[in-house]
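First comes the structure, then the notes that go with it.
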Amino acid sequence: MNEINIGERSGQKKKTVLSFTEFLENSPAIDDLTEVSDALTNDDYGRWMLAAPAIVLNCSHEACSGKRVHRLTDGNRYLPDKAPLTTYLTYLCSNCRRKTKIFSLLVEANSAAPPAAMCAKFGERPKFGSPTSNRLLRLFGNDSQVFLKGRQCENHGLGIGAFSYYRRVVEGHKDQLFDQIIKVATKIAPDTVASLEKAKGMHSFLNALESVKDAFPQGLLINGHNPLLLLHSALSQGLHAQSDEQCLQSAHDIRMVLAELVDRMGQLLKDEVELAAAVARLTKKAN
34 MNEINIGERS
44 GQKKKTVLSF
54 TEFLENSPAI
64 DDLTEVSDAL
74 TNDDYGRWML
84 AAPAIVLNCS
94 HEACSGKRVH
104 RLTDGNRYLP
114 DKAPLTTYLT
124 YLCSNCRRKT
134 KIFSLLVEAN
144 SAAPPAAMCA
154 KFGERPKFGS
164 PTSNRLLRLF
174 GNDSQVFLKG
184 RQCENHGLGI
194 GAFSYYRRVV
204 EGHKDQLFDQ
214 IIKVATKIAP
224 DTVASLEKAK
234 GMHSFLNALE
244 SVKDAFPQGL
254 LINGHNPLLL
264 LHSALSQGLH
274 AQSDEQCLQS
284 AHDIRMVLAE
294 LVDRMGQLLK
304 DEVELAAAVA
314 RLTKKAN
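Pasting the structure below:
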């Protein structure tokens, strides 16, 4: 991704220029036109047409469940004379060859020098953004849709909205979060349970997070850090003290830490169940 100065005067904004791969993979659906440096290519007869790069996207198929290469399989790519192209592009996962991603695009070649073009993404299906963990959504129960609204705001660069939704749903489910942590702590760090129970009983979520800074299961640390303290650091910043860009970064950090914490708790509980089953089988054989 490149940034180009528009004009000479100090303080003017910079224009972002993307590659077509970056545009398809990383840009949310917005009506604004974006300059794409390599949107067009020539066919065998020298006619300009929309490029078709292989792209890496999340695939939800059970054989994939992660980022996989997708390749174009369908869509009108030829630009009409002196008019913008509106088209649907269908990309198929090259791994499972089952799941597809469909993009709705507008391409305007007149205001940029080919192979560059001005592009807008009207929408895509499945929706833009990496999938949200089912474990995380289950934690929030009926408020999972509130969390997903925050995710949608984050995808569209709306920092204040994303931060507000995440903060609301996280603080509203303090007890459920602590219940899950206590459930894991009972298995792997019983000496921390009393402190965690006390924190759960506190009215203030931020005070509860602060109170367990020195009493937290080692198995749930993220890169050596207490995830509750990381959440405390992000959530304690007021909306009015941050710009929209800062709120967007905080919202992203909150989501990432929460998702990692919930996934670790789920994995530890799963491992504990599998270990108990293995011990039971071996004990039965020994007898």
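Sequential numbering from 34 applies to the sequence shown in the working numbering.
Even glycine gets a Cβ: it sits at the ideal position worked out from N, Cα and C.
- Within the region 211 to 247, complete beta strand (DSSP E) segments of at least 3 residues are not found at all.
- Per the DSSP secondary-structure output, LYS154 pairs in a beta bridge with ILE63 and LEU138.
- Short of 6 Å from the beta carbon of ARG158, and not among the five residues preceding or following it, lie these beta carbons of its own chain, in chain order: ILE135.
- In this model, VAL50 and ILE63 are separated by some 15 Å (Cα to Cα).
- One alpha carbon belongs to THR106, the other to TYR121, and they sit about 11 Å apart.
- Distance from MET151 to LEU66 at the Cβ level is roughly 4 Å; contact confirmed, criterion being Cβ atoms closer than 8 Å.
- Within the DSSP secondary-structure output, MET82 pairs in a beta bridge with THR74 and TYR111.
- Residue burial is scored here from C-beta neighbours: LEU315 has fewer than 16 other C-beta atoms within 10 angstroms and is therefore classed as exposed.
- Around the CB of GLU187, 16 or more other CB atoms lie within 10 Å, so the residue is classed as buried.
- Assignment of LEU264 by DSSP, reduced to helix, strand and coil, places it in the helix class.
- For CYS92, the enclosing beta strand (DSSP E) stretches over residues 88 to 92.
- Boundaries of the alpha helix (DSSP H) around THR316: 277 to 319.
- For VAL69, the pairing in a beta bridge is given by DSSP as LEU51 and ALA150.
- Rounded to whole angstroms, GLN300 and PRO164 show a C-alpha spacing of 18 Å.
- Contact check for SER98 against LYS132 fails: the beta carbons are separated by 8 Å or more.
- Going by beta carbons, TYR199 and ALA313 fall outside the 8 Å limit.
- The shortest CA-to-CA distance from LEU172 to any of GLN209, ARG184 and GLY194 is the one to GLN209.
- CA-to-CA, the gap between LEU262 and GLN185 works out to about 25 Å.
- In the three-state DSSP reduction, CYS129 falls in the coil class, being neither helix nor strand.
- DSSP, read as helix, strand or coil, puts HIS206 in coil.
- The beta carbon of LEU253 sits closer than 6 Å to those of ARG297, all from its chain and outside the five residues before and after it, given in chain order.
- For GLU187, the uninterrupted alpha helix (DSSP H) run begins and ends at 177 to 188, by DSSP.
- Under the 10 Å beta carbon count, THR119 is surrounded by fewer than 16 other beta carbons and is classified as exposed.
- The residues LEU272, ASP277 and CYS280, in chain order, have a CB closer than 7 Å to that of ILE193 in the same chain once the five nearest residues on each side in sequence are set aside.
- Under a 10 Å Cβ-count criterion, ARG288 is classified as buried, with 16 or more other Cβ atoms of the shown protein chains found around its own Cβ.
- Taking 8 Å as the upper bound for CB-CB distance, LEU268 and LEU308 are not in contact here, some 34 Å apart.
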